[in-house]
Structure formats: structure tokens, C-alpha cells
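In the numbering used here, the protein residues as written are 76 to 440.
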């Protein structure tokens with residue numbers, strides 16, 4: 076294996092959860108060339124993954140949600156692109172509900188000789204190493220690591236405990252750290268080298284069924300700010316600006332509005348340096364897991380916690396048990412009963428996580 080294609084064709088958080096596997100591949104084969112093929116959105120995470128040598132963004136047909144038109148030439152173009160890459164190995168990472176065989180067949184047509192994936196069904200040789208499926212409830216990070224371990228890779232970090240090698244890991248560019256500081260100060264003349272105390276609120280996801288009520292989020296964040304006198308940075312993507320007015324009005328002068336104003340590395344820097352993050356089950360949660368940032372997560376009943384939850388010990392997951400969970404739905408057909416959580420519960424969880432910082436700072440809750 077000298078020229079390896081790694082495929083993870085989902086979103087930013089899914090790509091971040093490949094970080095321990097990517098690190099292990101590079102540590103086992105330090106001279107290999109590692110290309111990450113990801114969705115256009117997921118490909119942004121490569122800026123935080125120093126083990127990746129090249130990125131191939133592509134929206135693939137078999138994971139499309141009806142937006143791509145019928146265009147066989149587009150598929151042949153992808154095959155020719157992979158042929159031009161002259162890859163000797165393809166490692167196909169999937170979730171419990173996905174099949175590796177469309178990607179493996181693509182790689183077969185492109186002439187990639189070694190094709191590794193995990194499958195619940197027999198692929199008739201499309202995969203050259205077909206690993207039997209893990210239990211559905213296994214954590215996605217462990218699913219990824221289990222796949223490469225089956226291919227002979229050792230998962231370890233020299234001089235570090237085994238748990239560290241299996242934990243999420245990202246590296247934030249120094250330029251992004253400085254840019255994040257500039258965003259916080261609102262001035263390019265900022266000369267500070269350290270981040271001031273702040274909370275970070277990321278109140279939305281692209282999936283309606285995972286969104287905690289934004290007004291409740293705003294009320295909880297305001298109570299936390301009033302209790303700690305620490306401002307709150309509000310983040311989100313550009314399209315979130317259209318639904319932010321009420322939330323920002325509730326937060327008033329306590330809010331630093333950075334909605335739609337950050338790149339992913341800048342957002343990661345803001346998350347890494349926050350005293351507390353409030354978020355839903357989205358990529359922000361995984362970045363906070365990788366940076367060991369205290370986080371209160373509104374974890375909807377769309378998935379099992381065991382599959383995606385943070386594992387760093389600095390998080391609190393809030394949810395209500397419902398008979399319909401896990402639903403894996405993009406839109407809730409009911410009233411999001413799994414997220415019927417009061418702002419007071421969010422505040423209590425946040426203050427518990429903030430307690431060590433508040434004690435050191437002499438701030439009374």
C-alpha cells in the first residue's frame with residue numbers, strides 16, 4: 076500500500092470520526108500517499124486532518140437525496156478520475172446502515188486492486204477484503220478502527236495510552252487560531268495572543284429532527300451568561316442567518332454574532348478555546364469531542380447514543396426517552412418529544428461543566 080484512497084462520503088462530523096483511523100494508517104505507513112474522497116461538505120474537514128495528502132470532493136449518486144439528475148457520463152468521469160489517481164488500495168468507511176458495494180464496484184471499474192470494506196451482505200468479490208459487519212450499536216469511531224485493524228493496521232500512538240489512539244483528534248492551523256481571535260475582537264488590529272473567556276452556542280443543524288428549539292437555546296444561553304458574566308459566541312452556517320433574529324434578540328448585547336462568518340478551521344478554533352459549547356448532535360459536537368471542550372449536547376432520538384456520542388468525558392447529553400427512538404428520520408412526524416427539555420436543565424448541565432473554571436476564576440454561580 077503506497078497510494079491509498081480513503082472513502083467517507085458523508086458529512087463533516089462523519090469525516091472527523093475517521094481521524095483515529097487516518098492517523099493509524101499514516102503511522103503504520105508513513106511514506107504512503109493518502110487521498111480522502113468525501114462529499115463536498117465533508118471534504119472541508121480535511122483542513123483539520125494533517126494525515127491527508129490530497130482531497131477529492133465528490134457528490135456520489137448512491138448517497139444522493141434526489142438532487143442529482145440522471146447523467147451516466149458524470150459517473151464515467153468519476154471512474155476516469157479514480158483511474159488517473161493510480162490508487163493501489165481503497166478503504167471504504169461506512170456507517171451501520173450503508174453498503175460499501177457501490178463504492179467498491181466503482182473502485183473495481185477504476186482498476187484499484189485492493190478494496191477493503193465492511194458489509195452485512197456478500198458482495199461477490201467486489202471487495203477483495205470483506206469484513207463481517209460489526210453490531211449496529213458500535214460507535215462509529217470503533218467501526219472505522221475495526222475495519223483497518225482487520226486489514227492488519229496497528230492502532231497505537233507511541234508513548235501514549237491506548238485510549239488516546241482511539242480518540243478523535245484534529246489539528247487546527249495556527250492561522251485559523253489567529254483568524255478566530257480577530258473575529259472575536261471584531262478588529263484586524265487585535266494583538267491578543269490568548270482567547271478571552273466565552274461560551275459558544277451552535278443552535279442549528281441541517282436536519283430538522285435534531286434541532287432543539289432555538290428560543291429555548293437562547294433562554295438557556297442568556298441565563299448562563301447572566302450567571303457567569305461570560306459572553307456567548309453564536310455560530311452557524313450562512314443560511315442560518317435567516318432564522319437567527321429571534322434568538323439574537325433574546326441574547327441581546329450578550330451575543331457575539333458570528334453566524335455564517337467562519338470557515339470550518341476558524342469554527343474549530345472557536346470551539347477549542349470556548350469554556351463551554353451548547354449544541355445539537357452535529358459536527359460541532361464531534362469537534363468539541365476532539366478538542367476536549369466541555370459540551371452540553373441536545374441529543375435527539377434520531378440515533379442511538381452509543382453510535383455517535385462524545386467519548387472524552389467532558390460532555391453531557393440531554394434527551395427524553397421516546398418509543399420511536401431511534402428513528403433515523405430527517406424530519407420528525409411528531410413534536411420532537413425527544414427534545415422536550417427545559418432551559419433550566421440545559422443551564423444546570425452547563426454550570427456543572429463550567430464549575431472548575433468558575434472556581435478558578437472566583438465567579439460565584
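Using N, Cα and C, we set each Cβ at its ideal position, and we do this for glycine too.
Limits of the beta strand (DSSP E) - the one that residue i falls within
i, result
"residue 193", "189-194"
"residue 385", "Taken as a continuous stretch (DSSP letters only), residue 385 belongs to no beta strand (DSSP E), as it is neither H nor E."
"residue 90", "Here residue 90 belongs to no beta strand (DSSP E); instead the alpha helix (DSSP H) covers 87-91."
"residue 129", "129-132"
"residue 108", "108-113"
"residue 165", "164-167"
"residue 96", "Segment 94-103 is the alpha helix (DSSP H) holding residue 96; no beta strand (DSSP E) there."
Counterpart residues of residue i in DSSP-defined beta bridges
i, result
"residue 211", "None, per the DSSP bridge assignment."
"residue 390", "370"
"residue 423", "BP columns for residue 423 are empty, so no partner."
"residue 124", "Bridge partners of residue 124: none, in fact."
"residue 274", "307, 351"
"residue 317", "Per DSSP, none; premise fails for residue 317."
"residue 78", "108"
"residue 205", "192"
Residue i burial status per 10 Å Cβ neighbour count (16 or more: buried)
i, result
"residue 145", "exposed"
"residue 49", "The structure shown does not extend to residue 49, since the chain spans only 76 to 440, so no value can be given for it."
"residue 143", "exposed"
"residue 383", "buried"
"residue 137", "exposed"
"residue 357", "buried"
"residue 403", "exposed"
"residue 394", "buried"
"residue 250", "exposed"
"residue 350", "buried"
"residue 73", "Nothing can be reported for residue 73: it is not among the residues displayed for the chain, which extend from 76 to 440."
"residue 261", "exposed"
"residue 368", "buried"
"residue 410", "exposed"
"residue 315", "buried"
"residue 147", "exposed"
Own chain residues within Cβ distance below 6 Å of residue i, not counting five before or after
i, result
"residue 362", "343, 346"
"residue 276", "296, 307, 309, 353"
"residue 192", "167, 175, 179, 202"
"residue 239", "232"
"residue 270", "348"
"residue 157", "185"
"residue 272", "305, 350"
Extent of the continuous alpha helix (DSSP H) to which residue i belongs
i, result
"residue 154", "147-160"
"residue 300", "289-303"
"residue 324", "320-326"
"residue 346", "339-348"
"residue 179", "176-184"
For residue i, three-class secondary structure by DSSP
i, result
"residue 359", "helix"
"residue 144", "coil"
"residue 244", "coil"
"residue 51", "Lying outside 76 to 440, the shown extent of the chain, residue 51 is not represented and no answer is given."
"residue 354", "strand"
"residue 428", "helix"
"residue 84", "coil"
"residue 332", "strand"
"residue 378", "coil"
"residue 416", "coil"
"residue 139", "coil"
"residue 284", "helix"
"residue 255", "helix"
"residue 173", "coil"
"residue 404", "coil"
"residue 222", "helix"
"residue 116", "coil"
"residue 229", "coil"
"residue 216", "helix"
"residue 365", "helix"
"residue 411", "coil"
Spatial neighbours of residue i in its chain, beta-carbon cut-off 7 Å, leaving aside the 5 residues before and after
i, result
"residue 407", "283, 284"
"residue 177", "137"
"residue 205", "192, 194, 198"
"residue 103", "228, 229"
"residue 333", "258, 308, 309, 310"
Chain-order list of residues whose beta-carbon lies under 8 Å from that of residue i (same chain, five-residue window excluded)
i, result
"residue 108", "77, 78, 79, 128, 129"
"residue 424", "371, 391, 393"
"residue 125", "246"
"residue 415", "395"
Min CB distance residue i to chain D below 8 Å
i, result
"residue 355", "Protein chains in the displayed structure number just one, and chain D is not present."
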